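Have a look at the structure below, then the notes.
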Amino acid sequence: PVVQLKNSQLTLTDEVAGKAGAISIVGNQSLLVEGSEISSIGMNTIDAAVNGNNITVGGGAVTIKSSVINTTVRGAGNAGRTKLAVTKSLSFEDSWIGGAGSTLGGVRPIDVATDGSWGEVAVVGGAEPIDGSMGLKKGGNRFFSFESLSLFNGQQLSFENLGENDQRVIARVTGGEPSVLDGTINLGAKPIDLLLMNPFGFEVGPNAKFSQMGELTLFAGNAIEFDGGSVVDLETNLDLLPDSSPTGFISESRGDIQVIGATLGQTGSGLSIIGGSVDFRSGGSALSGNGSDVSIDSAKLSLTGGSLIGTVSSGGQVGGMIQV
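Positions 1 to 324 (my numbering) are the ones given, in order, by the sequence shown.
The structure is reproduced here in structure tokens:
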């Protein structure tokens, strides 16, 4: 009647047929999940539209602490659902749930605000987009500077009215807190590159999606070097922003990056992750397609709970490079 899962990993993975199987853990009297990962991961190499599997966690009194419960699919299908079947009480602390039908602990407001240094000051609410005028255009670059940049399950951040000749969005975060990315970021009508810089790091949750995007770069440092020698850091003012392409990343120290249950880089474009400690957990993965490359630059790299780094190709194409 009493079930406890402490400091454990339970992972079902099927990389061929995508039918990893459902997981059900129920303690009729009570259930404790602490410091653990529960994951169901499906990837169908035959039918890319296969759907993921469901996870049920339940009991009388359910306590979830410092844990990840996640169902994910690598492909075009829909992820499974996570069901919490609780009859008495639920305690939820410092944990991630992927595929939950509703937000736990009440709705968390979206936390996106520009700081006014490269454009107008704006606090973005639920359905309000980031307009191109909130940033500054230099050549093919569209620069944005945020005081805070976090979004949660079910929330979407859209960039609208970007220029026809914009090649990339470059956004820095200056507020001194990590960015939590557990919703959808959409760059609009055409795929362009996205580079996010936050020296305090990133937590990418299981509900994160990056839509209509070219190359994705997450950089947990404080300075970007551009072609021609220009450098953009946390204090660069708008008069010094370059119109050239980024060529390197500079930082004496880097924040950490966690990818928890999310699959990054499946758009067919490149993926770069640069941080201090980079951790992939509970099926979190770095994948690229159509011959694109994956690059991970970190002092420490770990993969747990069925996570992977890879490139995917079809029709006899040569896969991209993986650089770690």
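We put the beta carbon where it would ideally sit given N, CA and C, even for glycine.
On a predicted model such as this, the values are computed, not experimentally measured, just so you know.
Notebook entry, point to check: Where does D182 fall in DSSP's three states?
Noted result: Looking at D182 - three-state DSSP - the assignment turns out to be coil, as it is neither helix nor strand.
Notebook entry, point to check: Would you report the Cα separation of P178 and V26, rounded to the nearest angstrom?
Noted result: As the crow flies, the alpha-carbon of P178 is around 34 Å from that of V26.
Next item on the list: Compare the beta carbon distance of D193 and E215 with 8 Å and say whether it is the shorter of the two.
Entry: Contact flag set, yes.
Item checked: Within the segment 186-251, ranges of the alpha helix (DSSP H) (whole runs, at least 4 residues) -> Listed in chain order, nothing qualifies, since the segment 186-251 has no complete alpha helix (DSSP H) run of 4 or more residues.
Item checked: G284, DSSP secondary structure in three states -> Taken through DSSP and simplified to helix, strand or coil, G284 comes out as coil.
Notebook entry, point to check: Helix, strand or coil: which one does DSSP assign to S298?
Noted result: Strand at S298.
Checklist line | Between the CA atoms of L31 and V3 - distance to the nearest angstrom | finding: Using only the alpha carbons, I get a separation of about 5 Å.
Notebook entry, point to check: K83 to S91, Cα distance in whole Å?
Noted result: So the alpha carbons of these two residues sit roughly 15 Å apart.
Next item on the list: Let me know the beta strand (DSSP E) ranges lying completely inside the segment 3-32, each 3 residues or longer, listed in chain order.
Entry: Every unbroken stretch of the beta strand (DSSP E) spanning 3 or more residues and falling wholly within the segment 3-32 is given here in chain order: 9-14.
Checklist line | Inter-residue Cα distance where the pair is Q9 and S95 | finding: Between Q9 and S95, the C-alpha separation is close to 14 Å.
Margin query: Assuming contact is defined by CB atoms lying nearer than 8 Å, are N207 and V173 in contact in what I supplied?
Written below: No. Outside cutoff.
Notebook entry, point to check: Using CA coordinates, which residue listed in L195, G58 and I322 is at the minimum distance from T247?
Noted result: The option with the nearest alpha carbon to T247 is L195.
Next item on the list: Have a look at the DSSP bridge pairing and note the partners of D111.
Entry: Per DSSP, S150.
Notebook entry, point to check: With burial defined as no fewer than 16 other Cβ atoms inside 10 Å of the residue's Cβ, what is the status of T87: buried or exposed?
Noted result: Per the 10 Å Cβ criterion, exposed.
Notebook entry, point to check: In whole angstroms, what is the alpha-carbon distance linking V73 and I322?
Noted result: Looking at the two C-alpha atoms, the distance is approximately 21 Å.
Next item on the list: Name the one or two DSSP bridge partners that G276 has.
Entry: According to DSSP, which records beta bridges pairwise, G276 is partnered with nothing at all.
Notebook entry, point to check: Who does E177 pair with in a DSSP beta bridge?
Noted result: In the DSSP assignment, E177 forms no beta bridge with any residue.
Margin query: Rounding to the nearest angstrom, what Cα-Cα distance links G229 and P129 in this structure?
Written below: Cα to Cα, G229 sits roughly 33 Å from P129.
Margin query: Using a 10 Å radius around the Cβ and a threshold of 16 neighbouring Cβ atoms, would you call N53 buried or exposed?
Written below: Buried, since its Cβ has 16 or more Cβ neighbours within 10 Å.
Notebook entry, point to check: Do F146 and L136 have their CB atoms nearer than 8 Å?
Noted result: Result no, Cβ atoms of F146 and L136 do not sit closer than 8 Å.
Note to self: Assuming T56 and G98 are in contact, meaning their beta carbons sit under 8 Å apart, how far apart are those beta carbons, in whole angstroms?
What the structure shows: Wrong, their Cβ atoms sit about 14 Å apart, outside the cutoff.
Next item on the list: Give the range of the beta strand (DSSP E) segment to which V259 is assigned.
Entry: It spans I257 to I260 - the beta strand (DSSP E) in which V259 sits, taken as one unbroken run.
Check: Got a sec? Which residues, its chain only, sit under 6 Å from D279 by beta carbon, not counting five neighbours each side?
Finding: Taken in chain order, the residues that qualify are Q258 and S302.
Next item on the list: Please check the pair V123 and L157, which I expect to be a contact at CB under 8 Å, by giving their CB distance rounded to whole angstroms.
Entry: With a Cβ gap of about 13 Å, V123 and L157 do not count as contacting.
Item checked: Assumed close pair L241, S117 - CB separation to whole angstroms, cut-off 8 Å -> Not confirmed; about 10 Å, so no contact.
Checklist line | V121: first and last residue of the uninterrupted beta strand (DSSP E) it sits in | finding: It is not in any beta strand (DSSP E) - V121 carries neither H nor E in the DSSP assignment.
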